[in-house]
Amino acid sequence: MFITTVTGWPKSVATAIIAGRWYAVRRMAAKASQNSHLKPLYLDVQATTPMDPRVVDAMIPYMVSSYGNPHSKTHFYGWEAEEAVEKARLQVAKLIGADSREVIFTSGATESNNIAIKGVASFYRETGKNHLITVQTVRNCISNCLSFVKCCICDFSPIHT
1 MFITTVTGWP KSVATAIIAG RWYAVRRMAA KASQNSHLKP LYLDVQATTP
51 MDPRVVDAMI PYMVSSYGNP HSKTHFYGWE AEEAVEKARL QVAKLIGADS
101 REVIFTSGAT ESNNIAIKGV ASFYRETGKN HLITVQTVRN CISNCLSFVK
151 CCICDFSPIH T
């Protein structure tokens, strides 16, 4: 779960979120929303995330006129799209202090979770450490991936929270 710090929200909200006590989160959010200086905290970022207007502005050309497939490398539209993706990769790498080869773009959370979990499990299997520990309450895509991992790569234990 991703948690964003919001100025003005009590630390107890983050604690309740981590513990999965949604009733407490709802109660705190209702109380906090009565204060005019606090905005509600949007927590469903796995479904959709509010987009920064600067990102929208940067993406418009690729939604309207430069719409090639960056994996199609036999024509101009593909070359143009590949160049845009590589430029974005460099920008993200610079922003987070990484090498551009470490930045991987995926189609979404499910693909990202699968790559990360299977990659970590495979890496540790090679070192002889073939047991993962995870929290019991996880997204379906993670549960499904862990079932595959348990079957084919290594064992795992859910921790009851």
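The sequence shown begins at 1 in full-length UniProt numbering and counts up by one.
No residue lacks a Cβ here, since even glycine has one placed at the ideal position from N, Cα and C.
None of the values given here were measured: they were computed from a predicted structure.
Thr106 versus His160: straight-line alpha-carbon distance, rounded: Reading the sequence shown from its first residue, position 106 is the one you call residue 106. Reading the sequence shown from its first residue, position 160 is the one you call residue 160. Those two C-alpha atoms are separated by around 30 angstroms.
Are Asn113 and Ile142 closer than 8 angstroms when you measure CB to CB? For the purposes of this step, residue 113 is taken as the residue at position 113 of the sequence shown. For the purposes of this step, residue 142 is taken as the residue at position 142 of the sequence shown. Taking 8 angstroms as the cut-off, the Cβ atoms of Asn113 and Ile142 count as close.
Residue burial classification, Leu90 (beta-carbon count within 10 angstroms, cutoff 16): One-based indexing of the sequence shown puts residue 90 at position 90. It counts as exposed.
Along the chain, where does the beta strand (DSSP E) that runs through Val135 open and close? In the sequence shown, the residue the question calls residue 135 occupies position 135. Note, Val135: beta strand (DSSP E), 131-135.
Can you tell me which of the three DSSP states residue 163 falls into? No statement about residue 163 is possible, as the shown extent of the chain runs from 1 to 161 and does not include it.
What residue from Tyr62, Val120, Gln136, Arg125 has the CA that sits closest to Ala88's CA? Here residue 88 refers to the residue found at position 88 when the sequence shown is read from its first residue. Cα-wise, what sits closest to Ala88 is Tyr62.
Here's the rule: buried if 16 or more other CB atoms are within 10 angstroms of the residue's CB, otherwise exposed. What is Thr5? By 1-based counting over the sequence shown, the position of residue 5 is 5. Note that Thr5 has pLDDT 42, beneath the 50 cutoff, so the model's placement of it is unreliable and the number below is only indicative. Label assigned to Thr5: exposed.
Where Pro53 sits in the DSSP three-state scheme: In the sequence shown, counting from the first residue as 1, residue 53 sits at position 53. The answer is helix: DSSP assigns Pro53 an H, G or I state.
Assuming contact is defined by CB atoms lying nearer than 8 angstroms, are Ile115 and Val149 in contact in what I supplied? For the purposes of this step, residue 115 is taken as residue 115 along the sequence shown, with counting starting at 1. For the purposes of this step, residue 149 is taken as residue 149 along the sequence shown, with counting starting at 1. Not a contact, by the Cβ cut-off of 8 angstroms.
Euclidean distance between Cα positions of residue 169 and Glu86: For residue 169 there is no data in the structure shown, the boundaries of the chain being 1 and 161.
Exposed or buried, Ile18, counting other C-beta atoms within 10 Å across all chains shown (16 or more means buried)? Counting from one through the sequence shown, the residue named residue 18 turns up at place 18. Interpretation of Ile18 is limited by its pLDDT of 48, a score under 50 that renders its predicted location unreliable; the figure taken from the coordinates is listed afterwards. Ile18 is exposed by the Cβ-count criterion.
Excluding sequence positions up to five away, which residues of its chain have a Cβ less than 8 angstroms from the Cβ of Asn69? As a first step, residue 69 must be located in the sequence shown, where it is residue number 69. When the five nearest sequence neighbours on each side are left out, the beta carbons in the same chain lying within less than 8 angstroms of the beta carbon of Asn69 are those of Tyr77, Gly78, Ala81, in order along the chain.
Quick check on the burial criterion: 16 or more other C-beta atoms within 10 angstroms. Buried or exposed for Leu95? Reading the sequence shown from its first residue, position 95 is the one you call residue 95. Per the 10 Å Cβ criterion, exposed.
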